[in-house]
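Novice: Chains as they are written, first to last, in this note's numbering: chain A, 1 to 90; chain B, 91 to 180; chain C, 181 to 270; chain D, 271 to 360. For glycine and all other residues, C-beta sits at the position ideal for the given N, C-alpha and C. Quick caveat, the model's predicted, so the values are computed rather than measured. Can you read through this structure? Questions will come right after.
Protein chains: 4
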Amino acid sequence: MSDDKQPLINRLKSVEGHVRGVQRMLEDDAYCIDVLRQTLAIRRALEKVDTLILERHLNTCVTDALRSVDHSARDNAIAEILEIFAATRD
Amino acid sequence: MSDDKQPLINRLKSVEGHVRGVQRMLEDDAYCIDVLRQTLAIRRALEKVDTLILERHLNTCVTDALRSVDHSARDNAIAEILEIFAATRD
Amino acid sequence: MSDDKQPLINRLKSVEGHVRGVQRMLEDDAYCIDVLRQTLAIRRALEKVDTLILERHLNTCVTDALRSVDHSARDNAIAEILEIFAATRD
Amino acid sequence: MSDDKQPLINRLKSVEGHVRGVQRMLEDDAYCIDVLRQTLAIRRALEKVDTLILERHLNTCVTDALRSVDHSARDNAIAEILEIFAATRD
């Protein structure tokens with residue numbers, strides 16, 4: 001996971017700034033719908049981060065686990081993906 | 091919107107700290123699935139903020155708009171709710 | 181709700197046919213990803229139905245409730261919208 | 271995919287009946303919020319079907335693809351999972 005983590009960290013720094021921006025909007029009594037548009041944009045940005053992390057996870061840990069002869073490692077890798085898949089919809 | 095905005099700002103400060111925590115997890119090469127669990131928790135926290143903002147919006151702006159004799163104000167208020175409803179699923 | 185319900189019923193008839201189509205795909209041992217693409221399309225079609233129903237609801241029942249002097253009718257209308265909004269994300 | 275497809279087909283038959291039930295609700299001018307509660311329940315049922323299909327897919331096709339020496343098969347399997355993951359949120 002170490003190689004290409006900087007782009008992910010940069011995306012999260014941007015999310016952090018975005019969250020601070022929404023706090024300022026609330027302090028300035030911005031229109032509710034405009035605030036909601038910004039929090040939705042933050043969730044979209046987090047979803048993009050999730051997709052990138054999942055992609056890396058599938059290419060590394062999951063590939064190793066599914067290639068392994070260790071059945072419990074394989075079952076565990078699949079159970080974790082299904083857990084994230086289910087939680088993503090909630 | 092001015093009355094009870096402090097609890098919302100506090101929730102967003104907490105989200106901001108959570109996002110910084112995920113950056114540290116990435117720097118420390120945390121396990122991908124553990125990182126995803128945290129970003130999902132952040133999205134849940136943002137959804138709670140959205141629900142509170144929408145509740146306030148319905149109780150104030152939307153109530154005023156739907157009581158108004160101004161048809162375009164009413165149509166606009168409804169169109170905005172449908173926009174947020176559709177975007178929430180995306 | 182009686183006026184324009186036929187377009188909604190037609191959309192649901194189409195969803196029903198789509199669901200039967202997925203059953204046939206399973207019987208014919210279609211590729212899993214192709215099946216998932218179809219079930220996702222069905223969910224998108226149901227979301228469109230939901231948006232149309234919500235739009236009508238806002239234009240009729242909610243408008244009446246928010247214009248009413250009855251506080252509990254108004255509170256109830258808002259609570260129901262928030263319930264649907266929260267459930268939509270789940 | 272052939273072994274345990276009958277439980278999935280049964281779930282989809284149940285979804286189909288549920289969709290017909292919502293058509294009847296519309297014909298009988300049921301309350302909008304009650305209709306929305308049912309369409310949300312249908313989407314939940316479809317999500318459960320999706321999770322079961324994805325589980326099977328990970329245990330069969332994806333396991334085979336990730337174990338294969340064929341790089342393009344492996345890349346393709348991962349790209350398809352990411353596609354479904356992204357579409358699920360939309």
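Is there contact here, the region 135-149 of chain B with the region 48-68 of chain A, by at least three beta-carbon pairs under 8 Å?
Specialist: no
Novice: Along the chain, where does the alpha helix (DSSP H) that runs through SER248(C) open and close?
Specialist: Residue mapping note: residue 248(C) aligns to position 68 of the third sequence, counting from 1. No alpha helix (DSSP H) contains SER248(C), which DSSP labels as neither H nor E.
Novice: By how many angstroms is the C-alpha of LEU352(D) removed from the C-alpha of GLU227(C)?
Specialist: Taking the first residue of the third sequence as position 1, residue 227(C) is located at position 47. Taking the first residue of the fourth sequence as position 1, residue 352(D) is located at position 82. Near 22 Å, if we compare the C-alpha coordinates of LEU352(D) and GLU227(C).
Novice: Just by C-beta distance, which residues in the region 168-180 of chain B are closer than 7 Å to chain C?
Specialist: ILE168, ILE171, LEU172, PHE175, ALA176, THR178 and ARG179
Novice: CB-CB under 6 Å to LEU246(C), same chain, minus the five flanking residues each way: which ones, in chain order?
Specialist: Stepping through the third sequence from its first residue, residue 246(C) is reached at position 66. Excluding the 5 residues flanking it on each side, LEU246(C) has same chain C-beta neighbours closer than 6 Å at ARG254, in chain order.
Novice: Given that a residue counts as buried once 16 or more other Cβ atoms are within 10 Å of its Cβ, and exposed if not, what is ALA349(D)?
Specialist: Locating residue 349(D) in the fourth sequence gives position 79, counting from the first residue. So ALA349(D) counts as exposed.
Novice: Which residues bound the alpha helix (DSSP H) around ALA45(A)?
Specialist: Sequence index remark: in the first sequence, residue 45(A) carries index 45 (1-based). It spans 32-57 - the alpha helix (DSSP H) in which ALA45(A) sits, taken as one unbroken run.
Novice: Kindly list, in the order they appear in chain D, the residues whose Cβ is closer than 7 Å to that of ARG200(C).
Specialist: Residue mapping note: residue 200(C) aligns to position 20 of the third sequence, counting from 1. Chain D residues near ARG200(C): GLU286.
Novice: Who are the neighbours of ASP50(A) on chain B, taking C-beta pairs under 8 Å?
Specialist: Stepping through the first sequence from its first residue, residue 50(A) is reached at position 50. Among the residues of chain B, those whose CB is under 8 Å from the CB of ASP50(A) are LEU126, THR129 and LEU130, following chain order.
Novice: Does DSSP classify ASP345(D) as helix, strand or coil?
Specialist: In the fourth sequence, counting from the first residue as 1, residue 345(D) sits at position 75. ASP345(D): helix per DSSP, three-state reduction.
Novice: Can you list the residues of chain D that ASN59(A) reaches, using a CB-CB cut of under 8 Å?
Specialist: Along the first sequence, one-based indexing puts residue 59(A) at 59. For ASN59(A), the chain D residues whose Cβ falls inside 8 Å of its Cβ are ILE348, in order along the chain.
Novice: Is it buried or exposed, VAL249(C), if we count other Cβ atoms within 10 angstroms and call 16 or more buried?
Specialist: Residue numbering aside, residue 249(C) sits at position 69 when the third sequence is read from its first letter. So VAL249(C) ends up on the exposed side.
Novice: Rounded to the nearest angstrom, how far is the Cβ of ILE264(C) from that of LEU296(D), given a contact under 8 Å?
Specialist: By one-based count along the third sequence, residue 264(C) stands at place 84. By one-based count along the fourth sequence, residue 296(D) stands at place 26. Rounded, the Cβ-Cβ distance is 16 Å, inconsistent with contact.
Novice: Cα separation between GLN276(D) and ASP208(C)?
Specialist: Here residue 276(D) refers to the residue found at position 6 of the fourth sequence. Here residue 208(C) refers to the residue found at position 28 of the third sequence. Straight-line Cα distance between these residues: approximately 12 Å.
Novice: With 9 Å as the threshold, decide whether the Cβ of LEU246(C) is near any Cβ in chain D.
Specialist: Here residue 246(C) is taken as the residue at index 66 of the third sequence, counted from 1. So no, LEU246(C) is outside the interface.
Novice: I'd like the list of long-range same chain contacts for VAL19(A), defined as Cβ closer than 7 Å, with 5 residues on each side in sequence excluded.
Specialist: Residue mapping note: residue 19(A) aligns to position 19 of the first sequence, counting from 1. So the list reads ILE42, once near-sequence residues are dropped.
Novice: Suppose the cutoff is 6 Å on Cβ atoms and the five residues either side in sequence are ignored; what does the same chain contact list for MET181(C) look like?
Specialist: The residue you call residue 181(C) lines up with position 1 of the third sequence. Per-residue confidence for MET181(C) stands at a pLDDT of 48, beneath the threshold of 50, marking its modelled position as unreliable; the derived number appears in the next sentence. The answer is none, since no qualifying residue turns up.
Novice: Please classify THR63(A) as buried or exposed, where buried requires at least 16 other C-beta atoms within 10 Å of its C-beta.
Specialist: Your numbering for residue 63(A) matches position 63 in the first sequence. By the neighbour-count rule (16 or more Cβ atoms within 10 Å), THR63(A) is buried.
Novice: Taking the beta carbon of HIS251(C) as the centre, do at least 16 other beta carbons fall within 10 Å, making it buried, or is it exposed?
Specialist: Mapped onto the third sequence, residue 251(C) falls at position 71. Classification for HIS251(C): exposed.
Novice: Comparing the C-beta of ASP209(C) with each C-beta of chain D, is any distance below 9 Å?
Specialist: Within the third sequence, numbered from 1, the residue matching residue 209(C) stands at position 29. By this cut-off, ASP209(C) is an interface position.
Novice: Quick one: give me the first and last residue of the alpha helix (DSSP H) that VAL199(C) is part of.
Specialist: Translated into the one-based positions of the third sequence, residue 199(C) becomes position 19. Per DSSP, VAL199(C) is one residue of the alpha helix (DSSP H) stretching across 185-207.
Novice: Could you check how far apart the C-beta atoms of GLY197(C) and GLN218(C) are, in whole angstroms? I think they sit under 8 Å.
Specialist: Here residue 197(C) corresponds to residue number 17 of the third sequence, with the count starting at 1. Here residue 218(C) corresponds to residue number 38 of the third sequence, with the count starting at 1. About 12 Å separates the two Cβ atoms, so there is no contact after all.
Novice: Output the distance between the C-alpha atoms of ASN256(C) and ARG204(C), rounded to the nearest integer angstrom.
Specialist: Here residue 256(C) refers to the residue found at position 76 when the third sequence is read from its first residue. Here residue 204(C) refers to the residue found at position 24 when the third sequence is read from its first residue. If you take the alpha carbons of ASN256(C) and ARG204(C), they lie about 43 Å apart.
Novice: Among THR60(A), LEU36(A) and CYS61(A), which one has its Cα closest to the Cα of GLU145(B)?
Specialist: Working through the second sequence from its first residue, we reach residue 145(B) at position 55. That would be LEU36(A), whose Cα lies nearest to the Cα of GLU145(B).
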